[in-house]
Structures are given as C-alpha cells and as structure tokens.
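Residues are numbered in my numbering as their position in the sequence shown, beginning at 1, plus a constant of 80.
The beta carbon of each residue, even a glycine, is placed where N, CA and C say it ideally should be.
Note that this is a predicted model, so its numbers are computed, not measured.
Since the structure comes first, as structure tokens, the remarks are kept for the end.
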Amino acid sequence: MKLGRFGSVVTAMITPMRHDGSLDAHEAARLASWLIDNGSTALVIAGTTGEGPTLSDEEKLTLFRSVVDALQTRAPVIANVGTNDTLRSTEFAKRAADCGVHALMAVGPYYNKPPQAGLMKHFAAIADAANLPMMIYNIPGRTGVNILPETIIALADHPKIVAVKESSGDINQLAEIAARAPENFDCYSGDDHLALPHAAVGGCGVVSVASHLAGLDIAEMFTTFAQGDNQGATAVHHRLMPLFRALFAVTSPIPVKAAVGMLGFATGSCRAPLCELSAEQMRALRDAVGPWLSAGAAVPSR
C-alpha cells in the first residue's frame with residue numbers, strides 16, 4: 081500500500097461550538113491534539129465535517145491558527161478553502177496560507193455545476209494563489225458536479241495539486257485515477273466504508289469521519305493490509321462496520337459531533353440548518369459507538 085504525504089488516517093475534524101453557538105477555538109485545539117495522539121496522521125479543518133458551510137471566513141481563520149498553534153510540527157493541518165466562487169476561493173487561500181497551515185483542500189464548486197473545463201481553471205487558480213500543496217475534494221452527492229478522472233489526472237500535472245479526496249462512491253473512479261496519475265499523486269478515499277476497498281485499488285488512506293473515535297483501529301487496518309494480511313485487514317473493517325453505519329445514519333456531521341461529545345469534549349450542537357438528533361437517534365448512536373467510548377483513550381481535562 082502506498083504511503084500518502086499526509087499519512088493514511090486524515091481526520092476531517094468537527095468544529096466545537098459553545099452553548100450559544102459561537103466557535104470554541106480552544107476546544108478545537110484540544111481535540112486536534114487528542115486526535116493526533118490517537119491515530120490521526122493529519123487533520124482537515126473547516127471541511128464539510130467541520131461545518132465549513134456555516135462558518136464565516138474569520139471563524140475559519142481563527143480555527144486554522146488555533147489548530148496550527150496546538151500541533152506545531154506534529155502533523156499536517158489542511159485548510160479547506162474551496163467555495164463555488166473562484167475569486168473568493170483564491171483570495172481566501174492566500175489568507176489561509178498566512179495562518180501557517182501546511183496544505184489546502186478545495187471542494188468541487190457546488191450548485192453552479194461548471195463543466196470540466198471550468199473545474200480545471202477553478203482548481204488551477206486556487207493552487208496558483210498560495211505556495212502550498214493542495215488536495216481536491218470530489219463529492220458530487222453534495223456539490224452536484226462530478227470531477228471526472230480525466231480532469232483529476234490532468235490537474236495532477238500541476239506542481240501544487242498533490243492529492244484527491246474521492247467521495248463519489250464509485251470505486252472505479254479512484255482506481256482509474258490511481259492507475260493513471262503521476263506516482264507522487266495521492267488518492268484518498270473520502271468514505272470510511274470504502275477505505276479498505278480503495279486501498280486495494282491504489283488508495284493511500286482515508287479522509288475519515290470515524291477516526292474521531294477509531295483512529296487507532298483504522299491505522300491498524302491499513303498497517304495490516306500493507307503487511308499483506310488481507311484477512312486481518314478485512315477483520316478490522318468488519319469490526320468497524322457498525323461504527324461506520326452509526327456515524328452516517330443521519331446527515332454527517334450530526335452523529336459524529338454527538339459521538340465526540342460522548343467522549344468528553346465540549347462539542348456543542350451543529351449550526352442550523354443541521355439539527356440535533358432525536359432522543360431515539362441519540363440512544364441508537366450511543367449503543368452503536370459504545371465499544372469505542374469504553375475503549376478510547378482518556379480525554380484530557382479542559
């Protein structure tokens with residue numbers, strides 16, 4: 081299994097909020113440090129799981145600075161800077177770079193559904209704006225546009241575009257990218273339940289939600305697979321399946337934010353239009369994640 085430049089377990093980190101709904105940057109820094117101690121090799125900040133769509137630019141910059149300060153050189157911090165506006169994205173990429181982050185992530189432009197030629201210009205413009213490596217994030221179920229393999233492969237020739245987070249749900253798509261892209265281009269699964277199958281066709285890891293609770297398990301799965309023990313890796317995947325299901329039973333990041341709260345972090349609720357779990361949904365989540373709550377490392381005091 082190829083080792084990606086950001087490691088194999090990249091956590092798409094939630095964004096803690098206070099009871100009044102305001103950003104809790106101190107708790108974000110505390111969570112970031114704990115995640116790196118518990119299997120994560122890098123963090124994506126202010127992505128979809130981090131409620132980036134409802135964070136202001138200033139809140140995102142505060143988050144970037146807080147997490148960078150907390151981690152120092154321990155692990156890469158990847159800042160989500162993509163929007164559906166190329167000019168806004170390029171300007172924000174420059175501001176993010178000034179916060180000391182180690183890399184950028186840019187999602188496919190949502191809602192306006194550009195053609196592939198427009199996507200190529202969009203991503204190249206963002207990559208040109210800041211002197212940092214950049215990951216493309218393909219998630220057509222949320223954006224309404226699929227970044228085709230040939231587009232990703234063409235963009236991989238850009239010296240700053242170094243990776244893709246592939247969340248199309250189509251394993252053939254990642255396999256084609258992995259087969260045709262330059263050797264130094266990293267293909268990450270964007271779906272926890274496809275992390276191991278993607279590794280089998282050329283993936284180098286996962287940008288994960290489940291790693292908030294099971295980072296060490298996911299790391300074990302990849303290590304076991306890389307050692308040639310397919311049966312052992314499959315056993316770990318099977319062990320993780322109930323967690324994968326529970327964390328996506330309702331629109332993410334609603335369940336994972338609640339689950340991280342169960343660990344002992346002050347996560348707060350998701351911002352509207354996302355909503356809280358019902359009492360029944362919360363009970364089902366607690367039952368499903370119970371093994372990871374009891375086995376998890378102690379959360380440091382605030």
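{"Check": "Beta-carbon contacts of L151 that lie in its chain and below 7 Å, excluding the five residues immediately before and after", "Outcome": "A112, S113, I116 and V157"}
{"Check": "Whole runs of the alpha helix (DSSP H) within the stretch 306-369, excluding any shorter than 4 residues", "Outcome": "310-327 and 334-343"}
{"Check": "Own chain, CB closer than 6 Å to K82, minus 5 neighbours either side, in chain order", "Outcome": "C284"}
{"Check": "N118 in three-state terms, based on DSSP", "Outcome": "coil"}
{"Check": "Secondary structure, alpha helix (DSSP H): runs of 4+ residues fully inside the stretch 207-249", "Outcome": "220-223 and 229-235"}
{"Check": "N- and C-terminal bounds of the beta strand (DSSP E) containing D137", "Outcome": "Run containing D137: none in the beta strand (DSSP E); it sits in the alpha helix (DSSP H), D137 to L151."}
{"Check": "Backbone secondary structure at S169 - three-state DSSP", "Outcome": "helix"}
{"Check": "R110 burial status per 10 Å Cβ neighbour count (16 or more: buried)", "Outcome": "buried"}
{"Check": "The stretch 364-377 touching the stretch 329-345, judged by at least three CB pairs closer than 8 Å", "Outcome": "yes"}
{"Check": "Touching by the beta-carbon criterion (3+ pairs, under 8 Å), the stretch 268-280 and the stretch 313-329", "Outcome": "yes"}
{"Check": "Meets three-Cβ-pair contact criterion under 8 Å: the stretch 282-302 and the stretch 223-235", "Outcome": "no"}
{"Check": "Residues of its chain near A233, where Cβ-Cβ distance is below 7 Å and the 5 sequence neighbours each way are ignored", "Outcome": "The residue you asked about is not Ala; residue 233 is Ile in the sequence shown. Closer than 7 Å at the Cβ level, and outside the excluded window around I233, lie I257, R260 and A261."}
{"Check": "Option in L354, V161 and Q361 with minimal Cα separation from Y217", "Outcome": "V161"}
{"Check": "DSSP-derived helix/strand/coil call for I125", "Outcome": "strand"}
{"Check": "Check: L274 C-beta below 7 Å from any heavy atom of the ligand SAH", "Outcome": "In terms of ligand content, the structure shown is empty, and the ligand SAH therefore cannot be addressed."}
{"Check": "Buried versus exposed, by CB contacts within 10 Å (16 or more), C267", "Outcome": "buried"}
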